[in-house]
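Enquirer: The structure under discussion is supplied below as structure tokens; questions concerning it will follow.
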Amino acid sequence: MSLSMSSLPVSADPVTSSAMPAVTSTFDSIVTLAPTDPTPTRSTAPATTSDPVCSGNNWDRGTATDPNAPPGPYPVKGEQVYILDPNNYCINLPNPESSFLIENYYSQGQFPSFVRGEGFVRSFCVGALSPGSLPMPAGAVKSLHITTNRNLNGKAYHQITGTLDCEILNMTCTGDNGGQYDNVPYKNCGKEPYSGVDVTKNPGFIDYVEIGGNGEFCMRTCVEGNQLGDPCNVKNDTNGCEVLTGGTMDRSPGFKLNGVEVKITATLPPGAKTSGASSSAKATGTAAATSAVPTSTKSGALAQSVAVLGGAFAVMAAYFVM
């Protein structure tokens with residue numbers, strides 16, 4: 001089910017909320033280079049869609065295996081998150097290259113919400129990219145607060161909280177739209193069972209949980225453990241970020257690391273253009289844009305998608321200022 005995000009409660013699995021209305025949006029600026037890694041191979045349906053096993057209070061498939069499991073290793077490329085500082089992090093968001101989301105939302109001029117993205121995620125990064133990830137569009141992150149090396153019940157974790165510009169991200173962030181992403185296994189009815197932490201950036205941290213909706217989000221990467229009492233407890237989804245963060249959800253302006261304001265130095269690669277976007281959340285790295293995502297005007301700019309030729313690292317985006 002899904003709940004109102006007025007106080008950031010979010011949906012519990014399975015999802016039963018109604019379809020989200022269309023909104024207008026655009027990518028004010030997006031990096032349009034060929035990816036260094038292939039687009040992740042994912043099932044066209046989340047693990048729990050139309051699945052009577054994963055319903056009510058039953059979250060155990062027993063010995064069943066996923067017939068649509070992508071090839072390893074796991075976590076798969078394009079679904080890895082990490083937290084370092086306000087200039088280097090990745091979070092998962094609805095995947096603009098998902099065939100399911102393209103068919104059911106983008107091609108119809110609509111945009112998925114956090115909850116509608118469950119099962120179809122893609123990592124978006126500021127700073128160093130994780131394998132297969134996309135760079136965060138400029139201006140998409142409006143504020144950000146990171147705390148690192150915290151401890152809960154003897155277990156270490158990093159935490160990120162912040163606010164998003166959902167129009168730039170081509171997401172619906174109004175109404176019953178809250179959702180949770182995590183690396184709960186397929187056996188336990190997880191919808192992103194092949195996602196996880198980029199351990200090259202957060203060594204020793206293998207679990208994560210991310211909650212978002214209504215333009216707000218929070219995420220933790222943690223040492224192993226995702227049950228009650230663990231910092232990455234996945235059973236708080238209907239309680240929202242206030243509960244997940246233990247009351248430390250920070251919606252205030254600015255970009256901070258452990259309470260200290262940080263200057264944002266992450267920049268777009270040479271040749272990439274911006275139009276009417278904030279410089280506070282520009283990203284760096286290589287990634288491919290998709291022509292399937294509909295766009296409309298925002299701040300007087302229209303972002304066009306990219307054609308990637310022969311896998312070459314060439315920027316071919318055109319931005320038309322109206």
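So for the sequence shown, full-length UniProt numbering puts the first residue at 1; every next one is plus one. Glycine included, every Cβ here is placed at the ideal spot set by N, Cα and C.
Residue 115 and residue 190: beta carbons closer than 8 Å?
Expert: Result no, Cβ atoms of residue 115 and residue 190 do not sit closer than 8 Å.
Enquirer: Go through its chain and collect everything with a Cβ distance to residue 144's Cβ below 6 Å, but skip five positions before and after it.
Expert: Cβ neighbours of residue 144 beyond the five flanking positions: 86, 162, 255.
Enquirer: Excluding the 5 residues preceding and the 5 following residue 221 in the sequence, name in chain order all residues of the same chain whose CB lies nearer than 6 Å to its CB.
Expert: The residues are 83, 158, 197, 202, 205, 208.
Enquirer: Enumerate, from N- to C-terminal direction, the unbroken beta strand (DSSP E) stretches of 3 or more residues contained entirely within the region 133-191.
Expert: Qualifying beta strand (DSSP E) stretches, in chain order: 141-152, 155-164, 179-182.
Enquirer: Go ahead and label residue 63 buried or exposed: buried means 16 or more other beta carbons lie within 10 angstroms of its beta carbon, across all protein chains shown.
Expert: So residue 63 ends up on the exposed side.
Enquirer: If you draw a straight line from the alpha carbon of residue 45 to that of residue 154, how long is it in whole angstroms?
Expert: Residue confidence is low: residue 45 scores 47 on pLDDT, short of 50, so the model does not pin down where it sits. Its coordinate-derived value is still stated next. Each residue's Cα considered, the two are about 37 Å apart.
Enquirer: What would DSSP say about residue 241, mapped onto helix, strand or coil?
Expert: Helix, per DSSP.
Enquirer: Using three-state DSSP, classify residue 263 as helix, strand or coil.
Expert: DSSP places residue 263 in coil when its eight states are reduced to three.
Enquirer: Measure the beta-carbon distance from residue 120 to residue 94 and round it to whole angstroms, keeping in mind my assumption that it falls under 8 Å.
Expert: Sure, about 6 Å apart at Cβ, within 8 Å.
Enquirer: Would you check if the region 69-78 and the region 118-135 touch, i.e. whether three or more CB-CB distances between them fall below 8 Å?
Expert: Yes: the two stretches touch, three or more of their Cβ pairs being nearer than 8 Å.
Enquirer: Residue 147: buried (16+ other C-beta within 10 angstroms of its C-beta) or exposed?
Expert: The residue is buried, with at least 16 neighbouring Cβ atoms inside 10 Å.
Enquirer: Can you tell me which residues form a DSSP beta bridge with residue 94?
Expert: BP columns for residue 94 point to 121.
Enquirer: Would residue 226 pass as a contact of residue 232 if the rule is Cβ separation under 8 Å?
Expert: Yes, the pair counts as a contact, with Cβ atoms nearer than the cut-off.
Enquirer: In three-state terms, what does DSSP make of residue 234?
Expert: Correct three-state label for residue 234: helix.
Enquirer: Where does residue 107 land, buried or exposed, given buried means 16+ other C-beta within 10 angstroms?
Expert: Residue 107 is exposed by the Cβ-count criterion.
Enquirer: So who's on the other strand from residue 89, going by DSSP bridges?
Expert: According to DSSP, which records beta bridges pairwise, residue 89 is partnered with 83, 126.
Enquirer: Can you give the Cα-Cα distance for residue 223 and residue 156, rounded to whole angstroms?
Expert: In a straight line, the C-alpha of residue 223 is about 6 Å away from that of residue 156.
Enquirer: Under DSSP, the beta strand (DSSP E) around residue 210 begins and ends at which residues?
Expert: From DSSP, the beta strand (DSSP E) with residue 210 extends over 207-213.
Enquirer: Take the Cβ of residue 182 as the centre, count every other Cβ of all protein chains shown within 10 Å, and call the residue buried at 16 or more, exposed below.
Expert: Buried: at least 16 other Cβ atoms inside 10 Å.
Enquirer: Looking at the unbroken beta strand (DSSP E) that takes in residue 257, where does it start and where does it end?
Expert: Residues 255-257.
Enquirer: So the candidates are 258, 67, 188; which of them puts its Cα closest to the Cα of residue 55?
Expert: For residue 55, the nearest C-alpha among the options comes from 188.
Enquirer: Would you kindly work out how many angstroms separate the C-alpha atoms of residue 195 and residue 261, rounded to a whole number?
Expert: C-alpha separation (whole angstroms): 30 Å.
Enquirer: Can you tell me the Cβ-Cβ gap for residue 124 and residue 91, rounded? I've got them flagged as a contact below 8 Å.
Expert: Indeed, because the Cβ distance is near 6 Å, the residues count as touching under 8 Å.
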